[in-house]
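So the sequence shown is numbered by this note's numbering: it starts at 56 and just counts up by one.
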Amino acid sequence: MIQGTYYKEWSRMLGRDMEFKVYGHAGTPVLALPARGGRFYDWENNGMPDAIAPLLNEGKVQLFCVDSIDAESLLAGDTAPRRRAEMQEKYFNYLTSELAPRILTLNGAKKDTLLWAVGVDTGAYQAVNCRLRRPKVFAGAIGLSGLYDVRRFLGNAADDLVLRNAPLAYLAEDVLVDKKLLAKAEENALLLCAGQGSYEGDALVDTQAMADALTDCGLPVHLEVWGSDVSHDWYWWGKELNLFAARVFG
């Protein structure tokens, strides 16, 4: 089993300690985001670092597995939509403005190094949101069984903060993302995948919608829809990550 290094560090953005774990010693820094309500250790507990062990051992990838705050944002159904959106925006800023520079420091990255992001379930949404909104920080993203229609979590995108965190909505706008910069990327800068098996219904619909929204904007995207045996679970996410990580970082 791949061994990781544990960190617990204060987040000024969130006003609390945030935990994360790092796997590998060198290579492209990759921010790894858990499924809804998930914790940083979910990746290790479900064998995801092991799924890309050769890349980690060879120093091609360094994986940074982080916590969510979904209980206060996407999943906080008992609080006002605006409050949920505010917490999601704080989390986004934590990932992109606070944790991202810390990751580059821990990685010993050269100047102008860009991160990648990868996530499963709602973590896939977080990863793609990071890439689309901060292309000068994130070179690309891998979204596995992603749930990208945030209306089910945050409500109507007419609210400005919801809109900023709703990729299916903000891609239809002209000013919220740098489409000229995003359009210069290769197809593999955004890889989306979903299966057609158990509990993949919402993810399959959302993943197709995300790919269509990107294509409609002239933005590169690589979409794969796997078979009816591919369910919404870590077993398949490990297989998908193994394939896509080798393609991008191998």
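Even glycine gets a Cβ: it sits at the ideal position worked out from N, Cα and C.
query                                                                                                                      : result
Own chain residues within Cβ distance below 8 Å of R157, not counting five before or after                                 : E64
Residue environment, L226, which counts as buried when at least 16 other CB atoms sit within 10 Å                          : buried
Classification of A238 by the beta-carbon crowding that lies within 10 angstroms, buried from 16 upward                    : exposed
Three CB pairs or more closer than 8 Å across the segment 178–196 and the segment 81–91                                    : yes
Which of helix, strand or coil DSSP assigns to L236                                                                        : helix
DSSP beta-bridge partners of C120                                                                                          : K76 and A87
Per DSSP, the bridge partner or partners of R71                                                                            : S66
Beta-carbon contacts of D261 that lie in its chain and below 7 Å, excluding the five residues immediately before and after : G201, L202, Y203 and D204
Pick from G198, Y96, S286 and T60 that is closest to S253, judged by C-alpha positions                                     : S286
Reference K76; option with closest CA among Y62, G70 and G82                                                               : Y62
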